[in-house]
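Asker:
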Amino acid sequence: VQLQASGGGLVQAGGSLRLSCAASGTIFRTNIMAWYRQVPGKERELVASISSGGHTNYVDSVKGRFTISRDNARNTVALVMNSLTPEDTAVYYCTVEWSTMDEAARYWGQGTLVTVSS
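Sequence positions in the sequence shown follow the working numbering and run 974 to 1091.
#1: Within the chosen definition, does the region 1003-1020 reach the region 1068-1076 through at least 3 CB pairs nearer than 8 Å?
#2: Leu1052: buried (16+ other C-beta within 10 angstroms of its C-beta) or exposed?
#3: Give the C-beta separation of Val1064 and Gln1011 to the nearest angstrom, bearing in mind that I take them to be a contact with Cβ-Cβ under 8 Å.
#4: On the three-state DSSP scale, how would you describe Ser1034?
#5: Can you give the Cα-Cα distance for Ser1034 and Val1089, rounded to whole angstroms?
#6: Along the chain, where does the beta strand (DSSP E) that runs through Leu1086 open and close?
#7: With C-beta atoms as the reference, is Ser1091 less than 8 Å away from Thr1049?
#8: Asp1044 lies in the beta strand (DSSP E); which residues open and close that run?
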């Protein structure tokens, strides 16, 4: 399984960005796609997740500002980030994961840098 993320960049505080991620390979149909982020020196943080059924979860700090969505037919996930603040600056990673009786797996994309200037 491979994930390719795109859409990071430099934006001013208050601005918006859209991250996209495409997964390819053999992917279990019932899965969760998610976005994590990491700042150097800090632990990786789960930002948002969405199940193949459309159930979403967000970390409190992004609720009301970020929206996660997915296209099950294309195995893609997107993260629309609005009202960005410098605290959102991080490398963002997309993931796909599933758990069955036979296996549990989580695959990571390569990361895309988001920089929010004040």
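Note that the Cβ used here is the ideal one computed from N, Cα and C, for glycine as well.
Answerer: Taking the structure as given:
#1: Of all C-beta pairs linking the region 1003-1020 to the region 1068-1076, three or more are shorter than 8 Å, placing the two stretches in contact.
#2: Per the 10 Å Cβ criterion, buried.
#3: So it is a contact: roughly 5 Å between Cβ atoms.
#4: It is helical.
#5: Distance between the alpha carbons of Ser1034 and Val1089: 15 Å.
#6: Element bounds for Leu1086: Thr1085 to Ser1090.
#7: No, they are not a contact pair.
#8: Residues Phe1039 to Asp1044.
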